[in-house]
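A.B. asks:
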Amino acid sequence: MIINKVKEILIAKFGDEVIIAEELNQKQPALIINPELIDEVCLILRDHPETWFDFLSCLTGVDYGVEQKKFGVIYHLSSIIKKHQIVLKTFKENDRDLNQLPVFKSISAVYKAAEWHEREAFDLFGIYFENHPDLRRILLPDDWEGYPLRKDYQTAENYHNIKIDF
Amino acid sequence: MQDTSIYKYQEALISYQEKIKAVASEEMVLNLGPQHPSTHGVLRLELITDGEIVKEVIPHIGYLHRCFEKHGESLNYAQIIPYTDRMDYMASMNNNHAFVMGVERMLGIENDIPKRVEYIRVLVCELNRIASHLIAIGTYGIDIGAFTPFLWCFRDREHIMNMLEWASGARMLYNYIWVGGLFYDIPVGFETRCQEFVAYFKPKMQELNELLTDNQIFISRTANIGILPLDVAINYGCSGPMLRGSGLKYDLRRVDEYSVYPEIDFEIPFAKGEIGQVGDCWNRYKVRIDEIEESLKIIEQCTEKLTKEHKRTTEFDPRALVPKKTVPKAQDFYVRAENPKGEIGFYFIADGRSDKPFRIKSRGPSFCNLSVLPEISKGVMIADLVAIIGSLDIVLGEVDR
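Dropping the structure here:
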């Protein structure tokens, strides 16, 4: 299975601390990666001749709820040549202070596709990506307040003194 | 400490505003859209131009943001299907199919679905794929300045719309494919009408090719314009006709072998560069033309199966497997499928207790395909930029969700 191969490659390259945990009893097994190493991990997996994950299918920001105090970014990589897929997950603790956003490493230098996906995660979850070339809001207006897909988001009632009806 | 961190979050915005302010006096900032017909919806492009030359393109999206993901968190799985209709509203059936496949795989019932249901799903999806490509081709012609193909494409698309309306009751937003089955069986006589449509449509495609594909004016406007190299396309996450237009034979219908596609015989069209060079606008357009031909083949095979092997019986109930309450086990699941525009993906996180997803993310193919636009349109003429946008075939409902 590809996941064992990936584990082998990553442990050989970065040592044991790169894989924090693994979820193998799921339909789509996932590796939980150290968030500080995710950009290098993606680079290795993209260029290694045995894994060859050249295509970023999806990048998802997740808010795990108010009690959990945890944010996550989930990467779905796939390989066009080898036709296999893998899920990588990274988590960070955060106490939901809007002035101290959770900080993840950007992988937009490895996959350009991540650039807009990361902007979307920043826009809707308030996840800050280090080393991102252009981290502006993408779907919402530039002066929008708050991050709507967070579980504790209070729906805005006014925007520039215009009442929002729905 | 706090002030600096807030500044950090605003840094990109400020540097963008300064870039616009600092545009040199011989350059001009030009807004294309959001109400410009050639942007195919509400896309706004901020161009920094030097005369007729586009130096930089900054896309601004979000004018059609309808909070699909936020709504999805407060609705149960069956109720989300109509929302997926409204993402890529040119190909609602394909969206339904991808979403429903994901939920069925999470429930573990994907192998119990009757073959007849799967064949009907593939049939309606391929009809919708043709309709979507007809829009892409027709509006592309109108971007370039050819008006007649637009009218011809809409005339033929109307036949498909009428057929799908007959099956589902809606013209564009169907909600036809349900978790575990279908809304209804296809109406009596639908297969015959599909066969009639294929017979009618084949010569029309010939006419369209003569009018547009081999048209010298059209070739001059599209060949060797907006060349997207294959490595760039893969790195930017382009998929569907964009990727195949760059010369890669890659189709998720064959890679993942989902639904009944393994039993169906069809080719994957990809750009060979007969005219222009691989990866340009003309080749992307040609891939769509070829895909229509392949979809017609699939429709013929499906109608054949639906009238013979898996024909209508009185016991057949397309809703037999539709769950009363959809409660998947606690898991997260990513499903991908081939839409007319490319790889559509849905990522679910189910908590195992409720019939609502904890988190649902959709990966729209148009979103990734559009993100490559600033890269391939550096230094082109403004008129060519319009040709490039048309060849991307974006739907803003899916870019913004």
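These protein sequences, in sequence, are chains C and R. When we follow the numbering used here, the leftmost residue of the first sequence carries the number 103, and every step to the right adds one. When we follow the numbering used here, the leftmost residue of the second sequence carries the number 4, and every step to the right adds one. Note that CB positions come from ideal geometry on N, CA and C, so glycine has one too. None of the values given here were measured: they were computed from a predicted structure.
Along the chain, where does the alpha helix (DSSP H) containing Y230/C start, and where does it finish?
C.D. replies: By 1-based counting over the first sequence, the position of residue 230/C is 128. Note, Y230/C: premise wrong, no alpha helix (DSSP H); beta strand (DSSP E) at Y230 to E232.
A.B. asks: Please determine, among A27/R, N114/R and G141/R, the residue with the shortest C-alpha to C-alpha distance to F157/R.
C.D. replies: The residue given as residue 157/R occupies position 154 in the second sequence. Of A27/R, N114/R and G141/R, the residue nearest in Cα terms is G141/R.
A.B. asks: Given a cut-off of 8 angstroms on the beta-carbon distance, is the pair E346/R and L255/R in contact?
C.D. replies: Numbered from 1 along the second sequence, position 343 holds the residue referred to as residue 346/R. Numbered from 1 along the second sequence, position 252 holds the residue referred to as residue 255/R. Yes.
A.B. asks: Which chain R residues sit within Cβ distance under 7 angstroms of Q290/C?
C.D. replies: Here chain C comprises residues numbered 103 to 268, so residue 290/C is not present and cannot be evaluated.
A.B. asks: Please return the same chain residues whose Cβ sits closer than 7 angstroms to the Cβ of Y227/R, not counting the five positions on each side in sequence.
C.D. replies: Translated into the one-based positions of the second sequence, residue 227/R becomes position 224. According to the sequence shown, residue 227/R is Asn rather than Tyr. So the qualifying residues of the chain are G279, Q280 and D283.
A.B. asks: Give me the residue from I230/R, V263/R and S365/R with the minimum Cα distance to G248/R.
C.D. replies: Sequence index remark: in the second sequence, residue 248/R carries index 245 (1-based). Minimum Cα distance to G248/R is reached at I230/R.
A.B. asks: List the residues of chain R whose Cβ lies closer than 7 angstroms to the Cβ of Y230/C, in chain order.
C.D. replies: Residue mapping note: residue 230/C aligns to position 128 of the first sequence, counting from 1. What Y230/C touches in chain R: Y12.
A.B. asks: Which residue spans inside the region 133-202 of chain C form an unbroken beta strand (DSSP E) run of at least 3?
C.D. replies: The qualifying runs are 157-165, 172-180 and 187-195.
A.B. asks: Would you be able to state if there are at least three C-beta pairs under 8 angstroms between the region 60-73 of chain R and the region 239-255 of chain C?
C.D. replies: The region 239-255 of chain C vs the region 60-73 of chain R: in contact.
A.B. asks: Out of K308/R, M109/R and L233/R, state which residue places its alpha-carbon closest to the alpha-carbon of K359/R.
C.D. replies: Locating residue 359/R in the second sequence gives position 356, counting from the first residue. Looking at the Cα atoms, M109/R is the closest of the given residues.
A.B. asks: If the cut is a Cβ gap below 8 angstroms, which residues of chain C does I352/R touch?
C.D. replies: Taking the second sequence and counting its residues from 1, the one referred to as residue 352/R is at position 349. Within chain C, the residues near I352/R are V164.
A.B. asks: Do E152/C and K107/C come within 8 angstroms of each other at the CB atom, strictly closer than that value?
C.D. replies: Position 5 of the first sequence, counting from 1, holds the residue named residue 107/C. Position 50 of the first sequence, counting from 1, holds the residue named residue 152/C. Taking 8 angstroms as the Cβ cut-off, K107/C and E152/C qualify as a contacting pair.
A.B. asks: Can you find a heavy atom of the ligand GTP that lies under 7 angstroms from the Cβ of P204/C?
C.D. replies: Looking for the ligand GTP in the displayed structure turns up nothing, as the structure carries no ligands at all.
A.B. asks: Going by the CB atoms, is the gap between P272/R and E303/R shorter than 8 angstroms?
C.D. replies: The residue you call residue 303/R lines up with position 300 of the second sequence. The residue you call residue 272/R lines up with position 269 of the second sequence. The answer is no: Cβ separation not under 8 angstroms.
A.B. asks: Skipping 5 residues on each side, what residues in its chain have a beta carbon closer than 6 angstroms to that of L130/R?
C.D. replies: Looking up residue 130/R in the second sequence gives position 127. I163, listed in sequence order.
A.B. asks: Roughly how many angstroms separate the alpha carbons of Q219/R and V383/R, rounded to a whole number?
C.D. replies: In the second sequence, counting from the first residue as 1, residue 219/R sits at position 216. In the second sequence, counting from the first residue as 1, residue 383/R sits at position 380. Distance between the alpha carbons of Q219/R and V383/R is about 21 angstroms.
A.B. asks: If you measure beta-carbon to beta-carbon, which residues of the region 25-54 of chain R are closer than 8 angstroms to chain C?
C.D. replies: Answer set for the region 25-54 of chain R: empty.
A.B. asks: Is there contact between the region 361-377 of chain R and the region 20-35 of chain R, where contact requires at least three CB pairs shorter than 8 angstroms?
C.D. replies: Short answer: they don't touch.
A.B. asks: Hey, L46/R and I64/R: beta-carbon distance below 8 angstroms or not?
C.D. replies: The count along the second sequence starts at 1 and reaches residue 46/R at position 43. The count along the second sequence starts at 1 and reaches residue 64/R at position 61. Against a cut-off of 8 angstroms, the Cβ pair of I64/R and L46/R comes out as a contact.
A.B. asks: Quick check: what's the CA-CA separation for I222/R versus W285/R?
C.D. replies: Counting from 1 along the second sequence, the entry for residue 222/R is found at position 219. Counting from 1 along the second sequence, the entry for residue 285/R is found at position 282. Distance between the alpha carbons of I222/R and W285/R: 7 angstroms.
A.B. asks: So, is the C-beta of S210/C closer than 8 angstroms to a C-beta in chain A?
C.D. replies: No chain A is present in this structure, whose protein chains are C and R.
A.B. asks: Can you list, in chain order, the residues of its chain with a C-beta nearer than 6 angstroms to that of G355/R? Leave out the 5 residues immediately preceding and following it.
C.D. replies: For the purposes of this step, residue 355/R is identified with residue 352 of the second sequence, where counting begins at 1. Excluding residues within five positions, the ones whose Cβ falls inside 6 angstroms are K332 and A333.
A.B. asks: Among the candidates I122/C, T192/C and Y213/C, whose CA atom is the shortest distance from the CA of Y166/C?
C.D. replies: Within the first sequence, the letter at position 64 stands for residue 166/C. It is T192/C.
A.B. asks: Please check if any C-beta of chain C sits within less than 8 angstroms of the C-beta of V258/R.
C.D. replies: Residue mapping note: residue 258/R aligns to position 255 of the second sequence, counting from 1. Answer yes: the Cβ-Cβ gap between V258/R and chain C drops below 8 angstroms somewhere.
A.B. asks: Answer yes or no: do N99/R and Y179/R have a C-beta to C-beta separation smaller than 8 angstroms?
C.D. replies: For the purposes of this step, residue 99/R is taken as residue 96 along the second sequence, with counting starting at 1. For the purposes of this step, residue 179/R is taken as residue 176 along the second sequence, with counting starting at 1. It is a contact, given that the beta carbons lie within the stated cut-off.
A.B. asks: Can you give the Cα-Cα distance for T195/R and R315/R, rounded to whole angstroms?
C.D. replies: On the second sequence, position 192 is the one that residue 195/R refers to. On the second sequence, position 312 is the one that residue 315/R refers to. If you take the alpha carbons of T195/R and R315/R, they lie about 13 angstroms apart.
A.B. asks: Verify the CB distance criterion: does R238/C have a CB-CB separation below 8 angstroms to chain R?
C.D. replies: Here residue 238/C refers to the residue found at position 136 of the first sequence. Taking Cβ atoms only, chain R reaches closer than 8 angstroms to R238/C, which makes this a yes.
A.B. asks: Measure from the C-beta of W154/C to each C-beta in chain R and report whether the shortest distance is under 8 angstroms.
C.D. replies: Here the question's residue 154/C lines up with position 52 in the first sequence. Judged by the 8 angstroms Cβ criterion, W154/C is not in contact with chain R.
A.B. asks: Let's see if you can read the secondary structure: which residues bound the alpha helix (DSSP H) around E110/C?
C.D. replies: Here residue 110/C is taken as the residue at index 8 of the first sequence, counted from 1. Unbroken alpha helix (DSSP H) run through E110/C: I104 to F116.
A.B. asks: Roughly how many angstroms separate the alpha carbons of M4/R and E195/C, rounded to a whole number?
C.D. replies: Taking the first residue of the second sequence as position 1, residue 4/R is located at position 1. Taking the first residue of the first sequence as position 1, residue 195/C is located at position 93. For M4/R, the pLDDT reaches just 45, beneath the cut-off of 50, and the residue's location in the model is therefore unreliable, although a value from the coordinates is still provided. Answer to the nearest angstrom: the Cα atoms are 19 angstroms apart.
A.B. asks: Which residue from L309/R, V338/R and I147/R puts its Cα closest to that of F319/R?
C.D. replies: Counting from one through the second sequence, the residue named residue 319/R turns up at place 316. When each option's Cα is compared against that of F319/R, the closest is L309/R.
A.B. asks: Any beta carbon from chain R within less than 8 angstroms of P151/C's own beta carbon?
C.D. replies: Working through the first sequence from its first residue, we reach residue 151/C at position 49. Chain R, which has no Cβ nearer than 8 angstroms to the Cβ of P151/C, makes this no.
A.B. asks: Is there a C-beta anywhere in chain C that falls below 8 angstroms from the one on H68/R?
C.D. replies: To locate residue 68/R, count along the second sequence from 1; it is residue 65. Yes, contact with chain C.
A.B. asks: Are there 16 or more other CB atoms within 10 angstroms of the CB of H262/C, so buried, or fewer, so exposed?
C.D. replies: Residue 262/C sits at position 160 when you count from the first residue of the first sequence. Burial call: exposed.
A.B. asks: Taking only beta-carbon atoms, is K214/C less than 8 angstroms away from chain R?
C.D. replies: Here residue 214/C refers to the residue found at position 112 when the first sequence is read from its first residue. It does: the Cβ of K214/C has a partner Cβ on chain R nearer than 8 angstroms.
A.B. asks: Less than 8 angstroms between C-beta atoms, sequence neighbours within five positions excluded: which residues of the same chain meet that for G243/R?
C.D. replies: The residue given as residue 243/R occupies position 240 in the second sequence. Only E341, N342, P343, K344, G345, E346, P368 and N372 meet the Cβ criterion.
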